[in-house]
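Visitor: To convert, take the position in the sequence shown, counting from 1, and add 17; that gives the working numbering.
In this text, a Cβ means the ideal position worked out from N, Cα and C, and glycines have one as well.
Structure incoming, see below.
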Amino acid sequence: MPNKRTMATSPKKLHIKTFGCQMNAYDSERMAEVLQPAGYELTDEANDADLVILNTCHIREKAAEKVYSELGRVRLNKEARKAKGRDTLVAVAGCVAQAEGEEIIARAPVVDIVVGPQSLHRLADLVAEAQSTGKRSVETEFPAEDKFAALPVRADGKRHVSAFVTVQEGCDKFCTFCVVPYTRGAEYSREPAEIVAEVERLSARGVREVTLLGQNVNAYHGSGVDGGRWSLAQLLRKLAENPAIERLRFTTSHPHDMDDDLIALFGDEPKLMPYLHLPFQAGSDRILAAMNRKHTAADYEALIARIRDTRPDIALSTDIIVGFPGETDADFEETLSLTRRVRFAQAFSFKYSARPGTPAANLDGQVPDSVKKERLAVLQALLEESRRGFDQATVGRRMPVLFGGKGRKPGQITGRSPYLQAVHVEGPDTLIGHIAEVDISAAGPNSLTGVMKSGFEWREPVQAAV
Ligand code: SAM
Ligand code: SF4
């Protein structure tokens with residue numbers, strides 16, 4: 018039986034379930050850091066947690082609905098724990114929290130705290146309040162204070178080789194299908210000095226690869242240390258000066274904000290990996306205009322040509338929506354045709370989902386679900402063929418792989434190629450956290466297999482000073 022002292026000091030358990038994009042993954046890490054000083058320790062076991070947070074996504078109806086079915090499970094668990102005399106606090110964070118606010122509590126009374134993405138730095142206070150008063154709270158304002166400045170310095174948490182850093186949030190583009198401008202608010206860029214310091218702390222604890230995140234990351238415009246406005250390219254150049262950072266990536270970019278400086282960087286900054294996620298959404302100019310995308314299919318293709326001129330081997334990735342209101346078979350054919358011409362290495366494709374409050378939700382010509390389903394299946398078959406083609410073309414090549422962890426099979430380690438492909442090889446665990454040359458021998462359905470460059474002998478590298 019534990020004595021009183023161990024009971025008093027034993028940490029409280031926190032379980033965070035993350036839905037949606039990488040920005041939510043970043044926010045979840047930051048929430049854990051906010052709650053650490055209050056004595057919360059992460060657990061993978063939801064049943065074991067004193068505080069359960071669902072960090073939610075509102076981008077499509079399906080994503081939002083998943084939250085409510087998860088809350089059903091959380092309620093049963095809360096009741097089971099209560100029967101054993103243990104309390105569970107339940108918080109809903111992220112974009113569903115922002116969009117639905119009070120409604121969440123009305124629909125799911127198990128929820129104690131609703132907190133929008135702009136208020137996550139207030140989480141420890143909200144939890145303390147809920148514990149002391151037993152009252153429910155809803156925090157979905159866009160507070161005046163700078164959220165990032167109010168967040169604690171990133172803690173010495175789990176050691177990862179690769180890390181996300183949010184540099185830009187929100188969006189002013191107002192694509193007619195999208196909730197982001199309403200859930201994440203106006204476009205906002207963090208200060209470069211703050212980002213440089215965060216990356217320095219990450220690299221000091223072993224991070225070798227940083228992916229800069231933003232809903233519209235290439236619209237980044239921080240005020241530089243020199244007093245001027247810094248573009249994303251300037252920020253990346255500055256981060257590349259950190260000798261311990263070996264790889265840089267950024268996502269998600271908008272075609273309209275892809276400036277010459279950023280394109281040039283793919284040609285002259287070796288630390289910037291040859292991978293670009295650049296959503297085009299649709300191939301028909303009529304649909305692109307109705308989406309308020311600010312580019313035509315020809316603009317997109319011309320941009321791709323310039324990027325490929327600068328970096329011919331670049332792996333291109335995209336997002337595509339099928340069944341936007343008014344999309345005809347001919348419009349969809351144009352999406353297929355553009356997809357065939359560009360040849361993507363990776364892609365994410367979705368059925369259009371009408372989101373409450375967005376202009377497209379009220380447009381005439383909503384496409385039946387059966388048609389969307391059919392179009393999505395055709396598009397995904399094409400994208401899969403293109404992805405496999407890209408992977409297959411890397412077989413026989415030698416590539417630097419950054420190893421991030423152990424593989425599933427004994428003696429195997431796994432990492433990422435410059436093109437973000439997963440690569441499995443047989444190799445020593447001591448390589449985890451480092452880059453080594455690998456000869457790619459086969460392409461499977463979801464990953465590549467390789468062998469260490471012949472004659473390879475592993476020696477601990479001399480660590481660069483940070
Ligand atoms: N900012 C990025 C851009 O401009 O393309 C995308 C951000 S959004 C979080 C990710 C993707 O979700 C979009 O590119 C789009 O393809 C998809 N998406 C957004 N709203 C959608 C909706 N209402 N229905 C289906 N897919 C949607
Ligand atoms: Fe949404 Fe991206 Fe359009 Fe902004 S640019 S409204 S985040 S799809």
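1) State the Cα-Cα distance for the pair Q148 and L88, rounded to the nearest angstrom.
2) Take every Cβ of the segment 377 to 385, pair it with every Cβ of the segment 329 to 344, and state whether three or more of those distances are shorter than 8 angstroms.
3) Can you tell me which of the three DSSP states T335 falls into?
4) Going by the DSSP bridge assignment, what does V418 pair with across the sheet?
5) Taking C-alpha atoms, which residue in S206, G151 and P134 lies nearest to V107?
6) Answer with buried or exposed for K95, where buried requires no fewer than 16 other C-beta atoms within 10 angstroms of its C-beta.
7) Spatial neighbours of V418 within its chain, please: CB distance less than 8 angstroms, with the 5 preceding and 5 following residues excluded, ordered by chain position.
8) Which residue wins for smallest C-alpha separation from N463, given the options D446, K30, G428 and G406?
9) Could you give the residue range of the alpha helix (DSSP H) that holds L71?
10) Would you mind giving the Cβ-Cβ distance between H271 and K389, rounded to the nearest angstrom? I have them listed as a contact below 8 angstroms.
11) Please tell me whether T335 and F361 are closer than 8 angstroms, where the distance is taken between their beta carbons.
12) With DSSP as the reference, please indicate the residues paired to E13 in a beta bridge.
13) Under 7 angstroms: does the beta carbon of Y369 sit that close to some heavy atom of the ligand SAM?
14) Please name the residue or residues paired with M469 in a DSSP beta bridge.
15) Run through the segment 265 to 300 for me and flag every whole alpha helix (DSSP H) of 4 or more residues, listed as ranges in chain order.
16) Please work out which residues of its chain come closer than 7 angstroms, Cβ to Cβ, to S220, disregarding the five sequence neighbours upstream and downstream, and give them in chain order.
17) Keeping to the same chain, check which residues put their C-beta closer than 6 angstroms to that of Q185; ignore five residues upstream and five downstream.
18) So T268 and T228 are in contact, right, with Cβ under 8 angstroms, and what is the actual spacing, rounded?
19) Round the Cβ separation of I324 and F297 to the nearest angstrom and send it over; I've been treating them as touching at under 8 angstroms.
20) Excluding the 5 residues flanking K21 on each side, which residues of the same chain have their C-beta closer than 8 angstroms to its C-beta?
21) Less than 8 angstroms between the beta carbons of L140 and S154, yes or no?
22) Using the rule of at least 16 other Cβ atoms within 10 Å of the residue's Cβ for burial, across every protein chain shown, is D129 buried or exposed?
23) Please return the same chain residues whose Cβ sits closer than 6 angstroms to the Cβ of G187, not counting the five positions on each side in sequence.
24) Between N233 and the ligand SAM, is the CB less than 7 angstroms from at least one heavy atom?
25) My parser needs the alpha helix (DSSP H) runs of 4 or more residues fully inside the segment 370 to 411; what are they?
26) Based on the DSSP secondary-structure assignment, which residues constitute the bridge partners of T228?
27) Any chance you could list the alpha helix (DSSP H) runs of at least 4 consecutive residues sitting entirely within the segment 191 to 249, in chain order?
28) Would the beta-carbon of S179 fall within 8 angstroms of that of G421?
29) Looking at the structure shown, is P28 part of a helix, part of a strand, or coil, going by DSSP?
30) In terms of residue numbering, what span does the beta strand (DSSP E) encompassing S366 cover?
31) Excluding sequence positions up to five away, which residues of its chain have a Cβ less than 6 angstroms from the Cβ of M290?
32) What are the boundary residues of the beta strand (DSSP E) that includes A439?
33) Report the three-state DSSP secondary structure of E58 (helix, strand or coil).
34) Taking 7 angstroms as the cut-off, is the CB of Q438 close to at least one heavy atom of the ligand SAM?
Guide: With the given structure in hand:
1) If I take the Cα positions, the gap works out to 20 angstroms.
2) In the pairwise beta carbon analysis, the segment 377 to 385 is classified as touching the segment 329 to 344: at least three pairs are separated by under 8 angstroms.
3) strand
4) For V418, which the question treats as bridged, DSSP gives the partners A453.
5) It is G151 whose Cα lies nearest to the Cα of V107.
6) buried
7) Answer for V418: G432, R433, S434, V440, V442, I452, A453, E454, V455 and G467, listed in chain order.
8) The shortest C-alpha separation from N463 is found at G406.
9) That residue, L71, is in no alpha helix (DSSP H); its beta strand (DSSP E) goes L68 to T73.
10) With 8 angstroms as the limit, H271 and K389 do not qualify as a contact, their Cβ atoms being about 24 angstroms apart.
11) yes
12) The chain is shown only over 18 to 483; residue 13 falls outside these bounds and no answer can be derived.
13) yes
14) V455
15) 277 to 285
16) N259, A261, I262 and V483
17) S206, G231, V234 and Y237
18) 6 angstroms
19) Not confirmed; about 13 angstroms, so no contact.
20) Unreliable placement is indicated for K21, whose pLDDT of 40 sits below 50; the coordinate value is still reported in the next sentence. So no residue of the chain qualifies.
21) no
22) buried
23) R201, G202, A203, E204 and Y205
24) yes
25) 386 to 410
26) F181 and R266
27) Whole alpha helix (DSSP H) segments, 4+ residues: 197 to 200 and 209 to 221.
28) With contacts defined as CB atoms closer than 8 angstroms, S179 and G421 qualify as a contacting pair.
29) It is coil, neither helix nor strand.
30) Q363 to K368
31) R264, R266 and P435
32) A439 to E443
33) Strand at E58.
34) no
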